[in-house]
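A.B. asks:
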Ligand code: SAJ
C-alpha cells in the first residue's frame, strides 16, 4: 500500500489544523500552510488559535516532536490537503476564491505523483475546476481529466464531516466519502485517509462526493426548518411545541429535530445555497428551508419586543450567545444577532449571559452592554430569553424563573 511520509495541509482553521495534528500524531511529517501570520506563529509555538476540545494538547505534542510545522510558504510534499473556507457571496453564490488562491500558492511546488485532495465543502464541479486550473498553472503536468491512465497527479474530493466540539473523535471515527476525478485518484486518496481514519472510506466520483456533503448539511437544515416551522405553528395554535415533539417522536419512524432561534455556524446556513445555486428550479424545499431558518431570529426578536411592551422598564437577559450549546464559538450565531438587534433598537436594558466567553466582541461592548453572570441576570431581569441550551442553563428549574416572562427558544423548560 502507498504510504506518505510528507503531507501538507493548506488552511489551518477549524478543519485543517486538527487534520494536520492528527496526521502528525501518526508519525507523518506535516507542513501546515496558512495566510495568517498569527496562526502560523501560534502553531509553531505549540499553541492554538481556535477552540476545540483537546486540540491544544495534540498540537503541542505534534510541534514538540517536530512532526508538525506551520509556514506561510508551501513546500514540496507527497500529498496536499486543501481545507480553506468556501463562503458565499452577497448574492448567495459560492465564493471559490480561497480554493483558487490555495491552488495557485501550491502549484509551483507540485510534482509528479502528488495527490491533491479538496476537503473544503464545495459546489458540484469544483474538483473538476481544480484539475482544469492546475492544467493551466502547470502545463508541464498531465492532469487526470486529460488522460486518466497517464495522469501525473491525482486529484480527489474528500469532504470534511466533523462536528465542531467533537472534531478529534469524528476525524478518526467518521466514515469518509472519497470522490476521485478518476478511480485511480480515489484509490490514492484512500491510502492517505487510511493513515488516520478508522471509519470506512467510501469511494465515488468527485461530483457525487461534493453533492453528498451538501446533501448532508441540507438534510439537517430542512429538518431543523421543519422543527422551526412547527414552533411557529404551535405558538399560533397555543400548543406547547416541546411536548408535541416529544409525543410525536414516540412514533417509531418520526424523529423531529429541535426548534431554536435560527441556524448558526458556517456550514448548515451556507451549504444549501450551493445546491440552490446549481439547480435553482429543482431545489424548492432546500431554498424554502433556508428562508424559514433565516427568518426565525426575526420572529424571536418580535416576540421579545411584544414581551418588553408589557414593562415600563424592561430588563432583558439573553441567555447564551454562541451558535450552539456548550461551545464558545460566536461566529454566525443567531443568538448574537438577536442580542445585537435588541441593543440597536434600544428596547430596554440588555444583559448578556455567555458562560463560555470571558469578553464580549467589541461591537457589543461598544453598545455599553456587558457580560452578566447567570445569578445576576436572574436577579435583575424581568424578561429571560433562552437563546442557547448551555449546560449551565439547563440546571435552571421553572421555580427559579417563575416571576419572569420567559421566552425559551430552545425548550430547556420543556
Ligand atoms: N440546530 C437547531 N436544532 C437542531 C440541531 C441544530 O436549531 O435540532 C442549530 C444549532 O443550534 C446551530 C445550527 O443548527 O445553530 C448548526 O448546528 P449543528 O450541530 O447541526 O451543526 P454544525 O454546523 O456544528 O456542524 C454541521 C454538521 N453536519 C451535520 O450534522 C449534517 C457537521 O457534521 C459538519 O461537518 C459541519 O456542519 C460542517 O463543517 O459542514
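Residue numbers (our numbering): 73 to 486. Think of the CB as a built atom: it goes at the ideal place given N, C-alpha and C, for glycine as much as any other residue. Model, not experiment: these values are computed from the prediction.
Taking DSSP as the reference, what is the three-state secondary structure of residue 141?
C.D. replies: Along the chain shown, read from residue 1 onward, the residue named residue 141 stands at position 69. Strand, per DSSP.
A.B. asks: Since residue 147 is in the alpha helix (DSSP H), which residue starts that stretch and which ends it?
C.D. replies: Taking the first residue of the chain shown as 1, we reach residue 147 at position 75. Careful: residue 147 lies outside any alpha helix (DSSP H) and carries neither H nor E.
A.B. asks: How should residue 362 be labelled, buried or exposed, when 16 other C-beta atoms within 10 angstroms of its C-beta is the threshold for buried?
C.D. replies: Reading the chain shown from its first residue, position 290 is the one you call residue 362. Its Cβ being crowded by 16 or more others within 10 Å, residue 362 is buried.
A.B. asks: Please name the residue or residues paired with residue 153 in a DSSP beta bridge.
C.D. replies: Mapped onto the chain shown, residue 153 falls at position 81. BP columns for residue 153 point to 81, 189.
A.B. asks: Can you tell me where the beta strand (DSSP E) holding residue 421 begins and where it ends?
C.D. replies: Taking the chain shown and counting its residues from 1, one reaches residue 421 at position 349. 421 to 425 is the span of the beta strand (DSSP E), which, as asked, contains residue 421.
A.B. asks: Take the Cβ of residue 461 as the centre, count every other Cβ of all protein chains shown within 10 Å, and call the residue buried at 16 or more, exposed below.
C.D. replies: Within the chain shown, residue 461 is the residue found at index 389, counting from 1. When all chains shown are included, residue 461 counts as buried.
A.B. asks: Curious, which full-length alpha helix (DSSP H) runs of at least 4 residues does the segment 270 to 331 contain?
C.D. replies: DSSP runs (the alpha helix (DSSP H)) wholly in the segment 270 to 331: 278 to 309, 313 to 320.
A.B. asks: Look up residue 480 in the DSSP assignment and give the residues it is bridged to.
C.D. replies: Residue mapping note: residue 480 aligns to position 408 of the chain shown, counting from 1. According to DSSP, residue 480 bridges with 458.
A.B. asks: Whose C-alpha, out of 83, 250, 185, is nearest the C-alpha of residue 174?
C.D. replies: The residue given as residue 174 occupies position 102 in the chain shown. Of 83, 250, 185, the residue nearest in Cα terms is 83.
A.B. asks: If you compare alpha carbons, which of 257, 483, 284, 80 is closest to residue 147?
C.D. replies: Position 75 of the chain shown, counted from the first residue, corresponds to residue 147. That would be 80, whose Cα lies nearest to the Cα of residue 147.
A.B. asks: Beta strand (DSSP E) containing residue 226: first to last residue?
C.D. replies: Reading the chain shown from its first residue, position 154 is the one you call residue 226. Residue 226 -> beta strand (DSSP E) spans 226 to 229.
A.B. asks: Could you check where the beta strand (DSSP E) with residue 388 kicks off and where it finishes?
C.D. replies: If you number the chain shown from 1, residue 388 lands on position 316. Run containing residue 388: 387 to 391, per the beta strand (DSSP E) assignment.
A.B. asks: Run through the segment 329 to 363 for me and flag every whole alpha helix (DSSP H) of 4 or more residues, listed as ranges in chain order.
C.D. replies: Those alpha helix (DSSP H) runs which fall completely within the segment 329 to 363 and span 4+ residues are 343 to 350.
A.B. asks: Is residue 168 close to ligand 1? I mean its beta-carbon at under 8 angstroms from any heavy atom of the ligand.
C.D. replies: By 1-based counting over the chain shown, the position of residue 168 is 96. Flag unset: Cβ of residue 168 not near ligand 1.
A.B. asks: If you follow the beta strand (DSSP E) that residue 248 is in, where does it begin and where does it stop?
C.D. replies: Along the chain shown, read from residue 1 onward, the residue named residue 248 stands at position 176. Here the beta strand (DSSP E) through residue 248 covers 248 to 252.
A.B. asks: By the DSSP assignment, the alpha helix (DSSP H) with residue 88 in it spans what residues?
C.D. replies: Numbered from 1 along the chain shown, position 16 holds the residue referred to as residue 88. First-last of the alpha helix (DSSP H) with residue 88: 88 to 97.
A.B. asks: Going along the chain, which residues of its own chain have a beta-carbon closer than 7 angstroms to the beta-carbon of residue 247, five neighbours each way excluded?
C.D. replies: For this step, residue 247 is matched to residue 175 along the chain shown. For residue 247, where only same-chain residues beyond five positions count, the Cβ hits under 7 angstroms are 271, 272, 274.
A.B. asks: Just reading off the beta strand (DSSP E) that residue 101 is part of, what are its end residues?
C.D. replies: Numbered from its first residue, the chain shown carries residue 101 at position 29. First-last of the beta strand (DSSP E) with residue 101: 101 to 105.
A.B. asks: Among 159, 332, 216, which has the Cα closest to the Cα of residue 193?
C.D. replies: As a first step, residue 193 is located in the chain shown; it is residue number 121 there, counting from the start. If we check each option's Cα against that of residue 193, 159 comes out closest.
A.B. asks: Using 8 angstroms as the Cβ pair cut-off and three pairs as the minimum, do the segment 278 to 289 and the segment 191 to 206 touch?
C.D. replies: These segments touch.
A.B. asks: Helix, strand or coil for residue 180, going by three-state DSSP, please let me know.
C.D. replies: The count along the chain shown starts at 1 and reaches residue 180 at position 108. Helix, per DSSP.
A.B. asks: Is the CB-CB distance between residue 189 and residue 229 below 9 angstroms?
C.D. replies: Along the chain shown, read from residue 1 onward, the residue named residue 189 stands at position 117. Along the chain shown, read from residue 1 onward, the residue named residue 229 stands at position 157. Taking 9 angstroms as the Cβ cut-off, residue 189 and residue 229 qualify as a contacting pair.
A.B. asks: On the three-pair Cβ rule with 8 angstroms, is the segment 293 to 312 touching the segment 334 to 348?
C.D. replies: With a cut-off of 8 angstroms, the segment 334 to 348 and the segment 293 to 312 count as touching, because enough Cβ pairs lie within range.
A.B. asks: Check whether the segment 312 to 324 and the segment 386 to 406 are in contact - that is, three or more C-beta pairs closer than 8 angstroms.
C.D. replies: The segment 312 to 324 is not in contact with the segment 386 to 406.
A.B. asks: Run through the DSSP bridge pairs and tell me what residue 160 is partnered with.
C.D. replies: By one-based count along the chain shown, residue 160 stands at place 88. The partner list for residue 160 (beta bridge, DSSP) reads 166.
A.B. asks: Counting along the chain, where does the alpha helix (DSSP H) carrying residue 109 start and finish?
C.D. replies: In the chain shown, residue 109 corresponds to position 37, counting from 1. Element bounds for residue 109: 109 to 116.
A.B. asks: Please identify the residue among 284, 218, 209 whose C-alpha is closest to the C-alpha of residue 232.
C.D. replies: Sequence index remark: in the chain shown, residue 232 carries index 160 (1-based). Closest by alpha carbon: 284.
A.B. asks: At what residues does the alpha helix (DSSP H) containing residue 465 begin and finish?
C.D. replies: The residue given as residue 465 occupies position 393 in the chain shown. Here the alpha helix (DSSP H) through residue 465 covers 463 to 466.
A.B. asks: In the DSSP assignment, find the alpha helix (DSSP H) that holds residue 474 and state where it starts and stops.
C.D. replies: Sequence index remark: in the chain shown, residue 474 carries index 402 (1-based). Residue 474 -> no alpha helix (DSSP H), and no H or E assigned at all.
A.B. asks: If you pair each beta-carbon of the segment 206 to 224 with each one of the segment 252 to 259, do three or more pairs fall below 8 angstroms?
C.D. replies: They touch, by the three-pair rule.
A.B. asks: Kindly indicate which three-state DSSP category residue 432 falls into: helix, strand or coil?
C.D. replies: Position 360 of the chain shown holds residue 432. If DSSP states are grouped into helix, strand and coil, residue 432 belongs with coil.
A.B. asks: Mind checking whether the beta-carbon of residue 390 lies closer than 8 angstroms to any heavy atom of ligand 1?
C.D. replies: Start at 1 with the first residue of the chain shown, and residue 390 comes out as number 318. Residue 390: no, Cβ never under 8 angstroms from ligand 1.
A.B. asks: Roughly how many angstroms lie between the CA atoms of residue 436 and residue 415, to the nearest whole one?
C.D. replies: Within the chain shown, residue 436 is the residue found at index 364, counting from 1. Within the chain shown, residue 415 is the residue found at index 343, counting from 1. If I take the Cα positions, the gap works out to 8 angstroms.
A.B. asks: Among 384, 408, 382, whose alpha-carbon lies nearest the alpha-carbon of residue 394?
C.D. replies: Working through the chain shown from its first residue, we reach residue 394 at position 322. It is 408 whose Cα lies nearest to the Cα of residue 394.
A.B. asks: Starting from residue 202, trace the alpha helix (DSSP H) in both directions and tell me its first and last residue.
C.D. replies: Position 130 of the chain shown, counting from 1, holds the residue named residue 202. Per DSSP, residue 202 belongs to the alpha helix (DSSP H) from 198 to 209.
A.B. asks: Going by DSSP, which residues form a beta bridge with residue 443?
C.D. replies: Along the chain shown, one-based indexing puts residue 443 at 371. DSSP, once it has assigned bridges, lists 424 as partnering residue 443.
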